[in-house]
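Colleague: Here's a structure for you.
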Amino acid sequence: MKRSLIITSALGALALALGGCATPPPTPTAAPSVPASNFKACMVSDAGGFDDKSFNETAYAGLTKAKTELGVQTGEVQSKTDADYAQNVKSMVDAKCDIIVTVGFKLGDATEAAAKANPSIKFAIVDYFYEKPGKNLKALSFNTGEPSFLAGYAAASLSQTGKVGTYGGMKIPTVTAFMTGYAQGVAYYNKAKGKDVKVLGWDDTKKDGSFIPGNNPFGDVAGGKQVATNLIAQGADIILPVAGPSGEGALQAAQASNGKVGSLWVDTDGCVSQEKYCAVIPTSVGKAMDVAVFEAIKAAKDGSFTNDLYVGTLSNSGVYLAPFHDWDAKVSAETKTELDKVKADIIAGTIKVKS
Amino acid sequence: MSSTTSRPAFLAYLSQYWREWAITGAAMVLALLLGAILMVVADPEVSANFAYLFTAPQLALGGAWAKVAGAYSALVAGAVGSPEALAHTSAKAAPLICAGLGVGLGFRAGLFNIGAQGQAIMGSIVAAYIGFTFQLPYGLHLLVAIIGGVAAGALWGGVVGWLKAKTGAHEVIVTIMMNYIAAGLLAWLLTTAAFMRPGRMDPISPEVQPTSALPGIYQQFHLGFLVAILAAAAVWWLLERSTTGFAIRAVGLNPNAAATAGMSVAATTTITMTFAGALAGLAGVQAALGPSANGVPVPLTVGLVGTVGFDAITVALLGRSRPLGIVLAGLLFGGLSAGGLAMQSVAQTPLTLTMVLQALVVLFVAAPALVQTLVPILKERKSKKVAMAGGEA
Amino acid sequence: MTAQHDAGLQLREITKKFGTFVANDAVSLDVQPGEIHCLLGENGAGKSTLMNVLYGLLQPDGGQIILDGEELHVENPRQAMAAGIGMVHQHFMLVEVFTVAENLILGREGGPVLNLEKARAKVTELAGRYNLPVDPDARIEDLPVGIQQRVEILKALANDAKYLVFDEPTAVLTPQEIDELMIVMQKLRDDGKGIVFITHKLREVRAIADRITVLRRGKIVGSAEPGTSESELAELMVGRAVDLRIAKPEAKVGQIRLSVKGLTVANPAGAVVVDGLDFEVASGEILCIAGVQGNGQSELADALLGNAQVTSGTVTLDGVDVTHSNPRQTIAAGLGFVPEDRQHDGYVANFTVAENLVLNRFTTQPFSKGLALDLKAIADNATDLVERYDIRTESITKLASQLSGGNAQKLVLARELSRDLALLVASQPTRGVDVGAIEFLHKRIVAERDTGAAVVIVSTELEEVEALADRVLVMYRGKAVGIVSPETPRDVLGLMMAGVPYEEALANSKAAATGKDN
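Protein chains in written order, with this note's numbering: chain A, 1 to 355; chain B, 1001 to 1393; chain C, 2001 to 2518.
Printed below as a string of structure tokens:
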């Protein structure tokens, strides 16, 4: 009577059992090089999920690294909607995690409340900061304006048309910080070199620019491509997309231009995370969130965890300008020297990047 | 017409409907079986052991069993395993029931209300705004916020009904566009001073006042769930016992006959969409004022209502557009959602797999014919079926 | 018994049960090539069940089907078609948005590429052979009902059917279309097809049958010769003597209740469909609107209800102007309305019998209290009406969709007549209804007249007009050709329905009669 049912399950099993006559290896897999620890590190994503090729994914890389290098146990929950955050953080509390890392400003309230309710558990949040965090709550923020300034300088030097562009996913501080740093870098280049490279897509005096319209600005590759194409049509030949996965639209538009246009990447080194587009990516503005997350977990495990705000800067390598990869030959030795100088000046405080 | 709940009536009900319940049960079992296979296939460690299926079966089967049993016990424990889990399930179900009622009511009037999403967003905007802006005493504040949210949803739905009645504009297109407008409006409002949290540049609103939050009863089990059950009862009364509901059902089943009998199809359409919008708006109110796991409502953000308006379509279809069915479907969805989180956090099952499992359950429950094909004992004898379809008497 | 014959199509001892209900009880029937065998029976007698068994839509619980001496197993319509059995359904199985040619090859596409050219040629060829002219490129939805039926017939013929089953084919046709169908059926018979003709209309049976078999309550109750009188056939079919023409007392005409002056109605496309109509109907009289389908009668009825666009003229009911009232208002003013297409406009198929019986009164006393329905009052009303109008249903909570055509019509009429009416407007009140029910419905309508209501009956069937009318208004192209007595000879009425004024029609008719005499 349940013949069809049995067949269904049998087929499934068969698929698994292909070559089911092999012999298991005599010993289990070699013991990990790091001794296993009872310490449990956990992470909650925002609604973007751990596979967003952007900040959730980079933060998640820090958790993975902690697992392999520190031998910690891990736990993780991906959020589906904004209403889930408190519940999801709570589920990690229930899972007896020792440190819980949350990703994104949207989890700010939920993380703070959970930290208050669970003083014995450490909490860290990526891309956010608190005025007065509890003793067990550490915010991990990134001064992306600094590397963006360098990116703007490099972009200005690479532009053939005298116009560079940028666009954002949404007008929120974590996005506009890139855009304003980028615009200041271009302005600095103009002043130093006596040039007049224009920035399209961001007006630094009005603090406003181009953003992807619609319901899902960070997940809309076609929308990103549309905005990028508009910028290119207006003459921009280097673009900085600050829009998470939607930034891929700019990479596609650059690829379609046959080498006339380059597109930068943000959060990670685009030549690694978006490998197939490497040829059109001059450089990337990186946030070493994986490093920050890893360090927070390590500190919690070692007992050196503090609630001090972590700010990733050029100085502590928490943010960085990625290597030029395929574009290395196009960037003049002169520019490279100047970039080193600008970086040193930013670290020294002689150049101030305003937010 | 009047039904008594005496014992014979109950037995009659049982003999008439046992098959439907059995099919639903079988659907769950099938979905879980298929989900188990997927889970094993998707885990490289577990599936690799199947290479030794015949030489060392304990390795392959034991691993698979541990994997599946772990995931499913987490699912059950997370959905119904403890008072806390039940509270979580109820909190997840409440907005789905409200929005599902909104969609289902539309179905009963022959209207395809795709706009529950937008109606819920509008409800959440107004409820949250009242919640964080005004200073009112306990009780009154909540009442005003609920009424405001429900009215906003009703307006958003009613406009669609009015447009359809006056201009014949198809409700599917109009509601989809109204969804975009609502989502865009929310995104824009969150950049204005009236909605932005002081001291923050992110698109997030202040937390609502405690006076306007739906009071919790036990953990996340809050007043909103009772409101949802009341709403279901009210919709049942409206449909089955009121003159308005009579007209709604008549227009839904045969608008020509309804018009010939003197009912106004236009007015009924507008009324139905207004009610439907109010119910979806109530779902938005639940999202904005219902306490989350940390005891306070989630502040208004772009994604606050999630996809409640679209899930509501499935809930309404699953519940066959009947209030009781929608309550049960909403609870099923809520349970899957709550249990799905436990699968992630306790059993480390990836979110994508838990979502596939939810989809499988819905698929099998919604397709009884498929279940009957796979489990032939649940088939009705052919002659009986034909009697309904082909009899000329 | 013809079971010894080897040739032809035979059904032997077919039994079909639905639960405990026996729809066919050992029914045997045969048809030979080149004959028309009429299967006569009331609605619900089991005619369609028997034919659905033959066509593979239902599986019998007993009995055999023999085709040309060999037993035939039909599990689905495809197998029936392959065996040379075709069916012309009462409700057409056509895709409305497809053309004639496309419908013809539907289900027989034969490969991924449609050969429309071939299908077109086939339509033309068959249409020529059987004199069934149809435009192969016309869309079904644009065709009149009679032509749509031709397409159904062509579909069956395109499958090289040797045996054709016509299931109540005349129920949806106008008198003229019926005449044309009769000619087509005779032509098919002469061409060697064996035809089973299912009907309950006695006149048609007498006109065309070679053999007649009568089915009652699932059993064969007898066979009759084509010459058998209508009343004998009716008695055989119903099981008792039936008044084919009800005894109608003389009308006691009172004061004018409905007054229509210069009524002009436009259809949604803007064309004038009712053109300056003037008439009055008094208390206690029945005015029949006669005419060929599509001459504005439906729109006139809709205008009286308040469901059509009146461009000029007035409608006055009991002295109150209701020209621009909506249906709710006209119903409140005392209008009872029986729509032409009861399934479409008359009742809600998925509502219960009880709900349908208050469809236009559920907001009034005693069926509602404020916003709430009074279920008890609604149930009491239904119990009462089901009994008084002999609506055959298992229970008042059964869905209206489970009622037979006659019982559904009784339901609509019961609902309308259960109120105090100033005016009853009934369109095709007995279309698709069996003889026994017709008698009943006609008596009820006359009884309503005798309570003092004004009655307007729209009918395309002259028998009905003759049976009910106190006066007859003949409509042609939206205008009144004339108002005449119901005693007017049939051929004169026929001519008037073609637009010939009464005087002229009378003269023509007399001339024709004289010519025949010579």
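For every residue, glycine included, the Cβ atom is placed at its ideal position computed from N, Cα and C.
Helix, strand or coil for C:Pro-2429? Go by DSSP, reduced to three states.
Modeller: Here C:Pro-2429 sits in coil by DSSP.
Colleague: Considering only C-alpha positions, which residue in the set C:Arg-2217, C:Ala-2372, C:Glu-2250 is nearest to C:Ser-2048?
Modeller: C:Arg-2217
Colleague: Could you work out which residues of chain B lie near A:Val-77, taking near to mean beta carbons separated by less than 7 Å?
Modeller: Residues of chain B passing the Cβ test: Leu-1341, Gln-1344, Ser-1345.
Colleague: Residues in the segment 91–105 of chain A with C-beta within 8 Å of chain F's C-beta atoms, listed in sequence order?
Modeller: Looking at the structure shown, chain F is missing, and the protein chains on hand are A, B and C.
Colleague: Is there a Cβ from chain A that is less than 9 Å from the Cβ of B:Pro-1210?
Modeller: No - not a single Cβ of chain A is within 9 Å of the one on B:Pro-1210.
Colleague: With a floor of 3 residues, list each beta strand (DSSP E) that falls wholly inside the segment 1210–1280 of chain B, ordered by position along the chain.
Modeller: 1216–1218
Colleague: Does the beta carbon of C:Ala-2372 come closer than 9 Å to any beta carbon on chain B?
Modeller: yes
Colleague: I'd like to know whether the C-beta of C:Thr-2311 is nearer than 9 Å to at least one C-beta of chain B.
Modeller: no
Colleague: Please work out which residues of its chain come closer than 6 Å, Cβ to Cβ, to C:Lys-2410, disregarding the five sequence neighbours upstream and downstream, and give them in chain order.
Modeller: Tyr-2389, Ile-2391
Colleague: Using DSSP's beta-bridge definition, name the partner residues of B:Thr-1314.
Modeller: None, per the DSSP bridge assignment.
Colleague: Only counting runs of 4 or more residues, tell me where the alpha helix (DSSP H) segments fall wholly within the segment 2006–2072 of chain C, in order along the chain.
Modeller: 2047–2054
Colleague: Under the DSSP definition of a beta bridge, which residues are partnered with A:Pro-241?
Modeller: A:Tyr-167
Colleague: Could you work out which residue in C:Asp-2275, C:Gly-2270, C:Asn-2267 is closest to C:Lys-2261 when comparing CA atoms only?
Modeller: Checking every option, the nearest Cα to that of C:Lys-2261 belongs to C:Asp-2275.
Colleague: Check whether the Cβ of A:Asn-38 lies closer than 9 Å to any Cβ atom in chain B.
Modeller: No, A:Asn-38 does not count as interfacial toward chain B.
Colleague: Counting only C-beta atoms, is B:His-1141 closer than 9 Å to chain A at any point?
Modeller: no
Colleague: If you draw a straight line from the C-alpha of B:Gly-1284 to the C-alpha of B:Leu-1185, how long is it?
Modeller: 15 Å
Colleague: For B:Ile-1146, count neighbouring C-beta atoms within 10 Å of its own C-beta (all shown protein chains included) and say buried if the count is 16 or more, exposed if not.
Modeller: Buried.
Colleague: Taking the beta carbon of A:Glu-295 as the centre, do at least 16 other beta carbons fall within 10 Å, making it buried, or is it exposed?
Modeller: buried
Colleague: Residues in its own chain within less than 6 Å of A:Tyr-130 by CB, not counting five upstream and five downstream?
Modeller: Ala-139
Colleague: Quick check on DSSP: helix, strand or coil for C:Met-2093?
Modeller: Residue state, collapsed to three classes: coil.
Colleague: Can you grab the Cα-Cα spacing for the pair A:Asp-127 / A:Ala-243, in whole Å?
Modeller: 15 Å
Colleague: For B:Ala-1187, decide whether its Cβ has a neighbour in chain A, counting only Cβ atoms nearer than 9 Å.
Modeller: yes
Colleague: What residues are listed by DSSP as bridge partners for C:Ile-2198?
Modeller: C:Leu-2039, C:Asp-2167
Colleague: Based on the DSSP output, what are the partners of C:Asp-2384 in its beta bridges?
Modeller: Answer is none; C:Asp-2384 lacks a bridge partner.
Colleague: With 16 as the cutoff for other CB atoms within 10 Å, does C:Asn-2076 come out buried or exposed?
Modeller: exposed
Colleague: Here's the rule: buried if 16 or more other CB atoms are within 10 angstroms of the residue's CB, otherwise exposed. What is B:Gly-1148?
Modeller: buried
Colleague: Between B:Ala-1283 and chain A, is there a C-beta pair that is closer than 9 Å?
Modeller: Interface criterion not met: the Cβ of B:Ala-1283 is under 9 Å from no Cβ in chain A.
Colleague: What's the call for C:Leu-2371, buried or exposed, on a 16-neighbour Cβ count within 10 Å?
Modeller: exposed
Colleague: Starting from A:Pro-173, find everything on chain B with Cβ-Cβ shorter than 9 Å and list it in chain order.
Modeller: Arg-1200, Met-1201, Asp-1202
Colleague: Bridge partners for B:Pro-1291 per DSSP, in chain order?
Modeller: Beta-bridge pairing links B:Pro-1291 to B:Pro-1297.
Colleague: Are the segment 2313–2327 of chain C and the segment 2293–2301 of chain C touching, with three or more C-beta to C-beta distances below 8 Å?
Modeller: At 8 Å Cβ cutoff, the stretches do not touch.
Colleague: Are the beta-carbon atoms belonging to B:Leu-1328 and B:Ala-1031 less than 9 Å from one another?
Modeller: no
Colleague: Chain C beta carbons: is any one of them nearer than 9 Å to that of B:Leu-1253?
Modeller: Yes, contact with chain C.
Colleague: Output, in chain order, the set of chain B residues within a Cβ distance shorter than 7 Å of C:Asp-2345.
Modeller: Asn-1256, Ala-1257, Thr-1260
Colleague: Taking all protein chains shown into account, do 16 or more other C-beta atoms lie within 10 angstroms of the C-beta of A:Asp-290, making it buried, or fewer, making it exposed?
Modeller: buried
Colleague: With the cut-off set at 9 Å, would you say B:Ala-1109 and B:Thr-1268 are in Cβ contact?
Modeller: yes
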